[in-house]
Structure formats: C-alpha cells, structure tokens
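Numbering (the working numbering), first residue to last: 1 to 222.
Virtual Cβ for every residue (Gly too), placed ideally from N, Cα, C.
Only one structure is covered here, and it is reproduced in the block below.
Dropping the structure here:
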C-alpha cells in the first residue's frame with residue numbers, strides 16, 4: 001500500500017500557464033466562416049499529465065462574441081442588418097490525448113499533435129430583438145457546450161510547452177445571438193429569426209504557453 005502511494009505521488013507532473021488568441025461565433029448573424037477570429041480571448045490552463053499519452057485538463061477563458069450581418073457573404077443577411085455583441089466566460093474540464101508519446105522529463109526536443117474534448121460551461125447574456133430591431137441584453141445565463149479541439153505542441157527549454165490550437169464549441173443553445181429568445185422568454189412571445197433547428201457554435205484559435213513541474217513519473221498505475 002505504501003509503495004503504491006509512493007509511486008502515485010511520484011507520478012504527478014503538472015503544467016500551468018496561459019491561453020491567448022481570438023474567438024469567433026458561428027450562427028444566425030454575420031459571417032459564416034468557421035475560423036475567423038474577430039475578438040481577443042485570454043485565459044488560464046492547468047494540466048495533470050497522467051500518462052505519456054493523456055492528461056486531465058482544466059481551463060478558464062474570457063472573450064466577447066460579436067457578429068454583424070454587414071460582414072456576411074449572404075445577400076439576405078446584408079439586407080437584414082442585424083448585429084450583436086455578447087460577453088462570454090468559459091470553464092472547461094476534460095481529457096487531452098497526444099498522437100505520440102509525450103514525456104515532460106525527456107530533455108530532448110519534442111513535438112506532437114493532440115486532441116482535447118470534455119465538457120464546457122459558459123456564462124453569457126441572453127439576447128432578444130428590441131422594438132428598433134437591435135439585439136439587446138436581457139439577463140445572464142449559464143449554458144453548456146462540447147469542445148472539439150485539435151492542436152500541436154512543442155517542448156521548449158525543458159520547462160515550457162508551447163501549443164497552437166483551434167477548437168470548436170458546439171453549444172446547447174441557439175440564443176447566443178438572440179435568434180431564439182423563446183428559450184427564456186417566459187411567455188413574452190419575443191420575436192425569433194434564423195434557423196431554429198441548428199444550435200450556435202463558437203471557436204477559439206490561439207496559443208497556450210505552460211510551465212511544467214513535478215517529479216519524474218513512473219506511470220505504474222492509472
């Protein structure tokens with residue numbers, strides 16, 4: 001029992017760092033390009049490397065989501081002229097899988113692609129069309145999303161890891177843009193627009209830079 005506990009304690013290898021990049025929204029307003037960051041996104045990230053092929057990962061990210069029909073290639077949206085601006089605070093927890101073995105205690109330069117998924121919760125505003133056809137904030141609300149992230153990472157000077165990633169968040173709401181206010185209207189019969197059969201998405205494209213610390217792992221148990 002003591003041997004197993006000792007080995008488990010030795011297996012703790014951690015990363016802590018920052019996320020910096022851009023975010024963009026995909027839905028019923030504005031541009032329909034999937035990767036088109038137009039707002040600054042910044043946050044923090046923590047990883048617990050549990051083996052040479054996977055790690056548990058948690059992150060906190062803040063950004064704004066905005067879109068304008070004037071930026072769309074669709075004539076219908078250009079003529080409609082809607083636009084919105086919404087703040088978003090995201091927390092995410094899940095698993096990161098590397099395509100190759102990755103050891104933070106290997107002092108040779110390393111590189112690997114990786115995938116990340118899990119569950120994301122985010123705090124944003126519910127929006128609705130006002131009488132002047134402007135999208136206005138109604139209240140703050142918590143919703144959830146599934147993150148689908150692909151990235152590349154490199155080891156730097158034995159103690160740092162640089163990552164480049166692009167990730168889509170498929171949300172469980174269609175009202176980041178105010179197009180489906182019946183999700184919260186409580187019988188107010190607020191006007192809706194767009195496609196009611198598709199939920200909203202948003203993207204993060206950017207870099208992560210983490211500092212590594214912890215004992216050399218043995219990976220002798222899960």
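Inclusion of residue 121 and residue 97 in the CB contact set at 8 Å is not warranted, their separation being larger than that value. Scanning its chain for C-beta atoms nearer than 6 Å, with the 5 sequence neighbours on each side dropped, one finds around residue 24 the residues 36, 37, 38 and 203, in chain order. Our two residues, residue 82 and residue 14, have alpha carbons roughly 45 Å apart in a direct line. When DSSP states are grouped into helix, strand and coil, residue 77 belongs to the helix group. When DSSP reads this structure, residue 126 sits in a beta bridge with 139.
Residue 76 has its alpha-carbon roughly 17 Å from the corresponding atom of residue 178. Where residue 87 is concerned, the enclosing beta strand (DSSP E) starts and stops at 83-98.
Residue pairing of residue 26 in beta bridges, as defined by DSSP: 201. Around the C-beta of residue 210, 16 or more other C-beta atoms lie within 10 Å, and the residue is accordingly described as buried.
Burial check for residue 131: the Cβ neighbour count within 10 Å stays below 16, so the residue is exposed. A Cβ-Cβ distance of about 14 Å is found for the pair residue 95 and residue 150, leaving them out of contact under the 8 Å criterion.
Taking 8 Å as the cut-off, the Cβ atoms of residue 153 and residue 114 count as close. For residue 182, the three-state secondary structure derived from DSSP is helix. Comparing alpha-carbon positions, the option among 42, 51, 111 and 68 lying closest to residue 29 turns out to be 68. Looking at 65, 32 and 50, the one whose alpha-carbon comes closest to that of residue 40 is 65.
The beta carbon of residue 141 sits closer than 6 Å to those of 126, all from its chain and outside the five residues before and after it, given in chain order. Looking at 208, 102, 47 and 213, the one whose alpha-carbon comes closest to that of residue 164 is 208.
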